[in-house]
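In terms of UniProt numbering, the sequence shown opens at residue 1 and continues consecutively. Note that the Cβ used here is the ideal one computed from N, Cα and C, for glycine as well. Quantities reported herein were computed from a predicted structural model and do not represent experimental measurements.
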Amino acid sequence: MGAVLLSYGLVKSSRRTSGAKSSVMCDSSRWLPEAAAPTPRAPPAASPHGRKKESMSPRSWLTKLAATAPQTLDGRFFAGEYGRRWIKAIEVKSDGSRGEISSFPWAGTQVMDMAFGPDGALYVLDYGTGSNNQALYRIEYIGAANRNPIAKAAADKTSGPAPLTVNFSSAGSSDPEGGALTYSWNFGDGTTSTAANPSHTYTGNGGYTATLTVRDPQGLTGSASVIVSVGNTAPAVSLTSPGDGQLFSFGDTVPFQVNVGDPEDGAIDCSKVTVTYYLGHDSHRHQITSKSGCSGSITVPTDGEHDAAANIYGVFEASYTDTGGLTSTGTRILQPRHRQGEHYGAMQGVQPAAHTAAEGGQTVGFVDDGDWISFQPYALGGATRITARVSSAGAGGRIEVRTGSATGTLLGTVTVPVTGSWETFADATANLGGVPAGATTLYLVFRGPTGQGNLFDLDAFTFDGSSGTPQNAIKGVASGRCLDVNGASQANGAQVLIWDCNGQANQQWTSTASSELRVYGGKCLDVNGGGTADGTPVIIWDCNGQNNQKWRLNADGTITAVGANKCLDVSGAGTANGTTVQIWSCNGGANQRWARA
Numbered sequence: 001m002g003a004v005l006l007s008y009g010l011v012k013s014s015r016r017t018s019g020a021k022s023s024v025m026c027d028s029s030r031w032l033p034e035a036a037a038p039t040p041r042a043p044p045a046a047s048p049h050g051r052k053k054e055s056m057s058p059r060s061w062l063t064k065l066a067a068t069a070p071q072t073l074d075g076r077f078f079a080g081e082y083g084r085r086w087i088k089a090i091e092v093k094s095d096g097s098r099g100e101i102s103s104f105p106w107a108g109t110q111v112m113d114m115a116f117g118p119d120g121a122l123y124v125l126d127y128g129t130g131s132n133n134q135a136l137y138r139i140e141y142i143g144a145a146n147r148n149p150i151a152k153a154a155a156d157k158t159s160g161p162a163p164l165t166v167n168f169s170s171a172g173s174s175d176p177e178g179g180a181l182t183y184s185w186n187f188g189d190g191t192t193s194t195a196a197n198p199s200h201t202y203t204g205n206g207g208y209t210a211t212l213t214v215r216d217p218q219g220l221t222g223s224a225s226v227i228v229s230v231g232n233t234a235p236a237v238s239l240t241s242p243g244d245g246q247l248f249s250f251g252d253t254v255p256f257q258v259n260v261g262d263p264e265d266g267a268i269d270c271s272k273v274t275v276t277y278y279l280g281h282d283s284h285r286h287q288i289t290s291k292s293g294c295s296g297s298i299t300v301p302t303d304g305e306h307d308a309a310a311n312i313y314g315v316f317e318a319s320y321t322d323t324g325g326l327t328s329t330g331t332r333i334l335q336p337r338h339r340q341g342e343h344y345g346a347m348q349g350v351q352p353a354a355h356t357a358a359e360g361g362q363t364v365g366f367v368d369d370g371d372w373i374s375f376q377p378y379a380l381g382g383a384t385r386i387t388a389r390v391s392s393a394g395a396g397g398r399i400e401v402r403t404g405s406a407t408g409t410l411l412g413t414v415t416v417p418v419t420g421s422w423e424t425f426a427d428a429t430a431n432l433g434g435v436p437a438g439a440t441t442l443y444l445v446f447r448g449p450t451g452q453g454n455l456f457d458l459d460a461f462t463f464d465g466s467s468g469t470p471q472n473a474i475k476g477v478a479s480g481r482c483l484d485v486n487g488a489s490q491a492n493g494a495q496v497l498i499w500d501c502n503g504q505a506n507q508q509w510t511s512t513a514s515s516e517l518r519v520y521g522g523k524c525l526d527v528n529g530g531g532t533a534d535g536t537p538v539i540i541w542d543c544n545g546q547n548n549q550k551w552r553l554n555a556d557g558t559i560t561a562v563g564a565n566k567c568l569d570v571s572g573a574g575t576a577n578g579t580t581v582q583i584w585s586c587n588g589g590a591n592q593r594w595a596r597a
């Protein structure tokens, strides 16, 4: 356990960590515009964890903080957001309503809980980013006083046989006031150095904590540490499949292959290799299931906990612990075939725009010619087409699909029509060519008449492959019964309903690259007459490529009729054999959730 002193503008903070490395973690999450606005709109998938309302008046038990803190913080509600990694001070008006929301200095990661201590400091429990690098922060108000410097420590090697020569680095260490730093390294074996980036050789086996302390001209310090294991080399673990950035759909069965090497262990016992599937959500992840072995497969379950438009993705992590107790991991990110545009990793020129008819209530908006958004990693091998859900009350335009950079290889161009209203959405598609096989950064570059702003909005996009997923039954979560064509009829207009799962052809549905759900090979799940009203029956009809035969399989288990933007629904929330299926406004009910059986 080590402490790292930090300081920010009006406050200073010490960080107490648990785990192998205690270098200061900087916030690398994508800050959403609403998180920084004075009066943000609540995001659809917020994940609040820590919150604390305290009065900072002289009558408060927080006498120390009250004596020094600015009056603007008096009576504020302090909210911590786990997923988006911020702390906000929220004004509470006399009638209990929300007032101004202001940013609070925070350079940690994921806020779990907060509390004010009797010393007047704010204590923040930080989940970190996994791998046992959690921390407890102590934040004090210091006004305009000198702030602690920030130390960052790194090493080119953290394990290996003796003698082990390690090159240490203080890169990234800084003083908030810009003062010159002095450096002091304690290598944990009785030797020290005052060089900024020293080299040191460990001769004896064991575990060592190398600690860097930086000091500013006024004598304030900051520290960071690195753990070095001598006499045992950490195993090398890599996932050869799935590929990094590989496309997937919830419900897919994903094969995995793991390679492990360890100089001390020699032959690897594959029963000690663990592959875990996590559901990634914003900047954190939830462990879902795991298997043992160097090869195998994991079926990715549908997600019933998050909004269908949440920023979720798949994570495969392989781990192995050697006989000396060192653990290494290999990780792969899987990208959903259907993704919300506003979940970009980087952008130029655009802003999120609120629209009622958008999936999740937001789009990528305020688009000008040359603006772009990007995502990484993406491995598009096998993708043959992209479909973009767009709206435009402007001039319309084009979306260029590029890789590597905003001027990188052009894979295809989507023509965006004028839909007449920002609330009227349409699907626009383009074929893809020259798709690279490996992981890359995906760029969507927006084009249109120069000098005209607000060309169009992008809601979401979907990548299609060259073939459909295997035929399979679709089971209602509430009823446990399967999506069924009444009486095994193959006639146009035959009603679709639920029935005991029996494996017959009238319960086998293929999801195609054209977003169809096919049965009998040539019939499609169809919204009767292209209707959009609640209660419109769902039938089968000759496949014709129209929007009323296009369906989107969502991560939360819902199935959306693309043309109507409503959910596949069991009538009246029924569970009995023969209950008909319709479309209805999406409401999160169990009668609107489905799973591959």
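CB residue i to CB residue j, shorter than 7 Å?
i           : j    : result
I373        : V367 : no
V519        : V581 : no
N548        : G521 : no
residue 602 : V315 : Coverage of the chain is limited to positions 1 through 597, which leaves residue 602 absent and any answer about it impossible.
G243        : Y378 : no
T450        : D369 : yes
residue 615 : P118 : Outside the shown range of the chain, which is 1 to 597, sits residue 615, and nothing can be said about it.
Y320        : P255 : no
S169        : A154 : yes
A121        : E100 : no
V228        : G206 : no
A388        : F461 : yes
S271        : S292 : yes
R339        : N472 : no
Does residue i pass the burial test, meaning 16 or more other C-beta atoms within 10 Å, or should it be called exposed?
i    : result
P452 : At residue 452 the sequence reads Gln, which differs from the Pro that was named. Exposed, because fewer than 16 other Cβ atoms sit within 10 Å of the Cβ of Q452.
P161 : exposed
G397 : buried
A310 : buried
E305 : exposed
T194 : exposed
R332 : buried
P352 : buried
N431 : exposed
T72  : exposed
R98  : exposed
S511 : buried
N554 : buried
K93  : exposed
Identify every residue that forms a DSSP beta bridge with residue i.
i    : result
N167 : S199
T363 : A353
Y320 : S328
K523 : V519 and D542
M114 : V124
C567 : T560 and W584
D484 : L497
H281 : H284 and I312
Compute the beta-carbon to beta-carbon distance between residue i and residue j, rounded to the nearest angstrom, for a pair I have assumed lies under 8 Å.
i    : j    : result
V300 : D252 : 5 Å
A135 : K152 : Incorrect: roughly 14 Å between the Cβ atoms, too far for contact.
E423 : A354 : Not confirmed; about 11 Å, so no contact.
A426 : T419 : 5 Å
R447 : N577 : That belief does not hold up - the Cβ atoms of R447 and N577 are roughly 53 Å apart, past 8 Å.
T558 : S571 : Not a contact, Cβ separation roughly 16 Å.
N506 : A488 : 4 Å
L181 : R215 : 7 Å
Quick check: the Cα distance between residue i and residue j, rounded to an integer number of angstroms?
i           : j    : result
D526        : N544 : 10 Å
G178        : N197 : 19 Å
P417        : S225 : 56 Å
T109        : V477 : 36 Å
F250        : S392 : 30 Å
E91         : D282 : 27 Å
V485        : W551 : 17 Å
S199        : L125 : 34 Å
R285        : A494 : 43 Å
G324        : S295 : 24 Å
A395        : V445 : 16 Å
E317        : V275 : 6 Å
residue 640 : G589 : Outside the displayed span of the chain (1 to 597) sits residue 640, for which this structure offers no information.
G85         : A267 : Here the sequence assigns Arg to residue 85, which means Gly is not the residue at that position. Each residue's alpha carbon lies about 42 Å from the other.
R41         : G361 : Bear in mind that a pLDDT of 29 at R41, under 50, signals an unreliable position, so the number given afterwards is only what the model happens to contain. Going from the Cα of R41 to the Cα of G361 covers about 11 Å.
G412        : R138 : 51 Å
V273        : A491 : 52 Å
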